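Here it is in structure tokens:
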């Protein structure tokens, strides 16, 4: 979340809401404003470092969370799942897909689908908090009486 909010708030502060909305890659433009001393003006390369660091954090966190889901499995099975997911990530990233097509697909399908999925999941979890099992009531009463 911080990897998203940091550049967003910085773009709003540095360029204003109208110009920041029109920018495709605001982090790149932010690094162009920076000068270090009197002689170093072109610090655009830091935007590539920022992008790579964010990508590394996202991928490693995703792989870690996938391994946490399969905590009870054997080491060979976890290693196979890790290699399969890594291979799938590499294959998907190699597929030739333009930025504009990706933006179109994510805006029309991914974000609305993710919104409705999370809304439905939240509704189920909210309803699930009010459903009590008979065993839960018995255990709660037993611990209070003991």
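In the numbering used here, the protein residues as written are 81 to 226.
All C-beta atoms, glycine included, are put in the ideal place defined by N, C-alpha and C.
Here the structure is a predicted model, which is why all the values come from computation and not from measurement.
Counting C-beta neighbours from all protein chains within 10 Å, is the total for residue i 16 or more, i.e. buried, or is it exposed?
i, result
"residue 187", "exposed"
"residue 133", "exposed"
"residue 229", "Not covered by the structure: residue 229. The range shown for the chain is 81 to 226."
"residue 87", "buried"
"residue 91", "buried"
So residue i and residue j are in contact, right, with Cβ under 8 Å, and what is the actual spacing, rounded?
i, j, result
"residue 143", "residue 165", "7 Å"
"residue 102", "residue 127", "That pair is no contact at about 18 Å."
"residue 169", "residue 149", "Actually they are not in contact, since the Cβ atoms of residue 169 and residue 149 sit about 16 Å apart, beyond 8 Å."
For residue i and residue j, what's the separation of their Cα atoms in angstroms?
i, j, result
"residue 189", "residue 179", "15 Å"
"residue 98", "residue 104", "12 Å"
"residue 131", "residue 206", "37 Å"
"residue 176", "residue 167", "16 Å"
"residue 198", "residue 204", "10 Å"
"residue 155", "residue 141", "19 Å"
"residue 109", "residue 124", "8 Å"
"residue 210", "residue 196", "22 Å"
"residue 100", "residue 94", "8 Å"
"residue 161", "residue 173", "18 Å"
"residue 129", "residue 194", "29 Å"
"residue 147", "residue 81", "21 Å"
"residue 202", "residue 191", "16 Å"
"residue 184", "residue 85", "22 Å"
"residue 112", "residue 121", "8 Å"
How would you write the range of the alpha helix (DSSP H) that residue i sits in, first residue to last?
i, result
"residue 110", "106-113"
"residue 208", "191-208"
"residue 148", "125-149"
"residue 171", "155-174"
"residue 122", "First-last for residue 122: undefined, no H or E at that position."
"residue 180", "179-185"
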